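Beneath this line is the structure, given in structure tokens, with notes to follow.
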């Protein structure tokens, strides 16, 4: 992927992922979504990133839903 293609894909991913994350009203889930989104952005740039921290207040179904939605967006914009 060229640097221009990466830029365009990151822009498109952000345009979809940021409003999704901002729309999450639960504070713990919102924070996790933002951190998971940043981890995916780093992966797209080829950086080694840590797994997003999981709050004790975040239930597994919430986490799984956030991850599934953000991964779907990621695959949409960064398919091989």
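In the numbering used here, the protein residues as written are 1 to 80.
Note that the Cβ used here is the ideal one computed from N, Cα and C, for glycine as well.
Source: prediction; values computed, not measured.
query, result
"Top-ranked residue by Cα proximity to residue 76, from 15, 62, 3 and 2", "15"
"Per-residue burial, residue 58 [other beta carbons within 10 Å of its own, 16 or more giving buried]", "buried"
"Whether residue 53 touches residue 35 by CB criterion (8 Å)", "yes"
"Rounded straight-line distance, which links the Cα of residue 68 to that of residue 61", "10 Å"
"N- and C-terminal bounds of the alpha helix (DSSP H) containing residue 5", "3-22"
"Sub-8 Å separation of residue 10 and residue 44 beta-carbons", "yes"
"Classification of residue 13 by the beta-carbon crowding that lies within 10 angstroms, buried from 16 upward", "buried"
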